[in-house]
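2 protein chains.
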Amino acid sequence: MKRVTIYDVANEANVSLATVSRVINGLEIVREDTRIKVQEAIEKLGYKPNAVAQGLALQKTTTIALVVPEASFNVTGQIINGLLDVAKIYKYSIVLHTTTEGILEINETIENIIKSRVDGVIIYNDKLLYDELSELKRYQYPIVLIGNKMSDDSIASVFVDIEKASYDIARAYLDANKNNIAIIEDRKNPFAISQMVKGVERAFEEANKNSFTFVKIPSNYRSSYEFLKGYFKDHRHDLILTHRDSQALATINAASENNVLVPQECEVICMIDTKYNSMVRPQLSSIVIPSYDLGAVAMRIMTKLLHNEALSEKEIELSYVFNRRQSSLINL
Amino acid sequence: MKRVTIYDVANEANVSLATVSRVINGLEIVREDTRIKVQEAIEKLGYKPNAVAQGLALQKTTTIALVVPEASFNVTGQIINGLLDVAKIYKYSIVLHTTTEGILEINETIENIIKSRVDGVIIYNDKLLYDELSELKRYQYPIVLIGNKMSDDSIASVFVDIEKASYDIARAYLDANKNNIAIIEDRKNPFAISQMVKGVERAFEEANKNSFTFVKIPSNYRSSYEFLKGYFKDHRHDLILTHRDSQALATINAASENNVLVPQECEVICMIDTKYNSMVRPQLSSIVIPSYDLGAVAMRIMTKLLHNEALSEKEIELSYVFNRRQSSLINL
DNA sequence: AATAGAACCGAAAGCGCTTTAATTGATAAT
DNA sequence: ATTATCAATTAAAGCGCTTTCGGTTCTATT
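Just so you know, the protein sequences line up as chains L and G, in that order.
At position 66 of the first sequence the residue is numbered 65 (numbering that gives the first Met the number 0), and the sequence of numbers has no breaks.
At position 213 of the second sequence the residue is numbered 212 (numbering that gives the first Met the number 0), and the sequence of numbers has no breaks.
The structure is reproduced here in structure tokens:
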């Protein structure tokens, strides 16, 4: 099937390409009757503008690149949903990139992004990637960060203040004199974990108490579950804080294996809320981070950046809610 | 920062653009010393080819469109991961589209896909979308379907035979004289559910038994949980089959609320395996569908389609495994 | 009826690349 | 030394669109 071009439409309607271009873009003045003539030609031929050619002529692609760690996590999915929904409104396309750890692969990703001449890039990644960012910044790409704010506030970002969330929780528990708090720690989410630690630390300092516990676990469910089964044989805590829901589940299951009752003997709270949190028993208490909104707001900011709308602030903090369910006892 | 074009490189290296083009594409003959000269110029200027211009000149974009229902499901995430991994190998980009129910929105999606001049489209969607497909086919897009095969085998597809899986399960239970089987049914996954029903039906026919039960539930967790709590007050089944893990969890939780023991008094099996299946208690028995592979294979097929490699068969069936965990008793 | 000004439209250049056909330069054959 | 041959390179056209700059046609005014 021969692709129909703007040229064919112009022929069919007996006008020049310039005119056809004007009616498809709809901005400039075209007389009503010629507009109709052109519309009809478009309809008749089934003409659809070639976005690639438009991209070349306009020097923009109405496409933005989204970089995420892995698509399989619930949060990532929600972020993508939010992002896509507002992208749709503003008629942007999203090309998806995943980054694994290797610096080589990251470079390749960046390279591809640059080649593809997207209009901007949105990054959701728990690791600090300052170097890669600077490469992107050299090319003056509009960038929006999801989840972690940069110390360098030249980059727009949307995030939730995990530090504060952890502080609030720790504070509440210390106030109730439940001082034996542990943080589950893996190496996969260094930024998030470091924020959690900071928050808890601050609470301990203010309460003039010291020493909470770090529990380093392997980075997948199965082995961390096994590890924790052993751990609980000779350790007890009032509260265990985890980052991900899977870690909380490993904790709860391991505890139960050791006849440690959750929440009566040990409370568990995680920092991520997925739909599974209320499907499991005991239902998981957690900080509810508005993942969908993170994505949606990030994309909205991107459109502002691209259309030169004013940004009231570069760093947007979304608020969280603490959702106490069955795995913990204290309300905030 | 002024974007550096192939022209700048040509100037810098004192050759024509044609030569530069040849060295970046690496196929045609260029004398060693001029190749090096050009490479150096590229390096020095930091030149990165403009994929948009290439796309226009070559009439292909090395981009393929992926259409999914929603990104937030675990399966979808896995599919995306598989797809991206092989896309990376073959240097394709993926632009992501979600389709909600509305036909209008679907049309808009198709429209956007066509405008964007992607090289092909991969669709994962439980609803039959024959009409939209035919529109896509008019434009001769290479299409790969994930999950559901078309009666019309002109379209390539990768799928798992859910009908057979359900048949196998029903068969095993009928053989054990556990005849009281129910299928949980929602309206969100018509295709998958219809396959399940067919399989169970076939098993009943062969066993010369009749009547299994349909339990129609609302389409979200919360209300189906509430509904099932009521349902269990005056209904009992030997086996309950659900499509999604969330439905199985709703079933188990509702049963437990009514003091129905799973699996002793009622067994539960679902057709989708997510990492949560082994994190919850009782651990969920399920058909393990290789979601990651579905995505990976689909993308691989797409590359074959695009490079005119021979396809041994248009419809590729991946095999599943039954993973008995704690929510059911019979092995297959 | 003549004309200024506005409204509308077309020609052509340009976006950054690929690729074919033509040209150059070098080498081998006569 | 001259020509035929071949490898390496270039010039230029084309991919499908946007947009500036002029030109043409209307409309309104006197």
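C-beta: ideal position from N, C-alpha, C; glycine also.
For Asn147 (chain L), the three-state secondary structure derived from DSSP is coil. Residue burial annotation: Gln77 (chain L) is buried, with at least 16 other C-beta atoms found within 10 angstroms of its C-beta.
Contacts with chain G at 8 angstroms (Cβ-Cβ) include Phe72 (chain L). Per the coordinates, the alpha-carbon of Ser326 (chain L) lies some 15 angstroms from the alpha-carbon of Ala181 (chain L). Nearest neighbour of Thr61 (chain L) by Cα position, chosen from L:Ser284, L:Ser71, L:Ile88, L:Gln38, turns out to be L:Ile88.
Nearest neighbour of Glu314 (chain G) by Cα position, chosen from G:His306, G:Leu328, G:Val296, G:Glu308, turns out to be G:Val296. Close partners of Lys114 (chain G) in chain L (Cβ separation under 8 angstroms): Lys47, Pro48, Asn49, Ala50. Secondary-structure assignment with DSSP links Tyr123 (chain G) through a beta bridge to G:Ile145. For Gly54 (chain L) and Leu132 (chain G), the gap between their C-alpha atoms comes out near 26 angstroms. Counting only runs of 4+ residues, the alpha helix (DSSP H) found wholly inside the segment 211–297 of chain G occupies 220–230, 244–256, in chain order.
A distance of 8 angstroms or more separates the beta carbons of Pro141 (chain G) and Leu293 (chain G).
As the crow flies, the alpha-carbon of Glu107 (chain L) is around 49 angstroms from that of Lys215 (chain G). For the segment 260–278 of chain L, residues whose beta-carbon sits nearer than 7 angstroms to a beta-carbon of chain G comprise Lys274, Tyr275, Met278. Annotation: Cβ neighbours of Gly54 (chain L) in chain G (cutoff 7 angstroms, chain order): Val51. Between Asn80 (chain L) and chain G, the shortest Cβ-Cβ separation is below 8 angstroms.
Membership of Ala64 (chain L) in the beta strand (DSSP E) is indicated by the continuous run 62–67. Here Glu184 (chain L) is buried, its C-beta having at least 16 other C-beta atoms within 10 Å. Excluding five sequence positions before and after Ala175 (chain L), the CB atoms of its chain that fall closer than 8 angstroms to its own CB belong to Ile329, given in chain order. Interface annotation for the segment 119–150 of chain G against chain L: Arg137, Tyr138, Gln139, criterion Cβ-Cβ distance under 9 angstroms.
Contact check for Asp272 (chain G) against Val259 (chain G) fails: the beta carbons are separated by 8 angstroms or more.
Two segments are said to touch when three or more pairs of C-beta atoms, one from each, lie closer than 8 angstroms; by this definition the segment 307–322 of chain G does not touch the segment 307–322 of chain L. Pairwise C-beta distances place the segment 6–23 of chain G out of contact with the segment 146–157 of chain L, as fewer than three of them are shorter than 8 angstroms. For His96 (chain L), the pairing in a beta bridge is given by DSSP as L:Val66.
Partner residues in the beta bridge of Ser156 (chain L), as assigned by DSSP, are L:Leu144, L:Glu314. Burial of Asp118 (chain L) is indicated by the presence of at least 16 other C-beta atoms within 10 angstroms of its C-beta. Val19 (chain G): member of the alpha helix (DSSP H) spanning 16–24, first to last residue.
Note that the C-beta distance between Leu283 (chain G) and Thr250 (chain G) is not below 8 angstroms. A direct Cα-to-Cα measurement between Arg201 (chain G) and Tyr230 (chain L) gives close to 50 angstroms. Closer than 8 angstroms to the CB of Arg21 (chain G) there is not a single CB belonging to chain L. Closest option to Ala254 (chain G), judged by alpha-carbon separation, among G:Asn111, G:Asp237, G:Asn219: G:Asp237.
DSSP lists G:Ser285 as the beta-bridge partner residues of Asn322 (chain G). Residues of chain L whose Cβ lies closer than 7 angstroms to the Cβ of Thr241 (chain G) do not exist; the shortest such Cβ separation is about 13 angstroms. Setting aside the 5 residues that flank it on each side, Glu104 (chain L) is surrounded in the same chain by Thr98, each with a C-beta closer than 7 angstroms to its C-beta; the list follows chain order.
Pro189 (chain L) counts as exposed, since fewer than 16 other C-beta atoms from the protein chains shown sit within 10 angstroms of its C-beta. Restricting attention to G:Asn257, G:Asn252, G:Phe211, the CA atom closest to the CA of Asp233 (chain G) is found in G:Asn257. Note on geometry: alpha-carbon atoms of Arg170 (chain G) and Thr212 (chain G) lie some 15 angstroms from one another.
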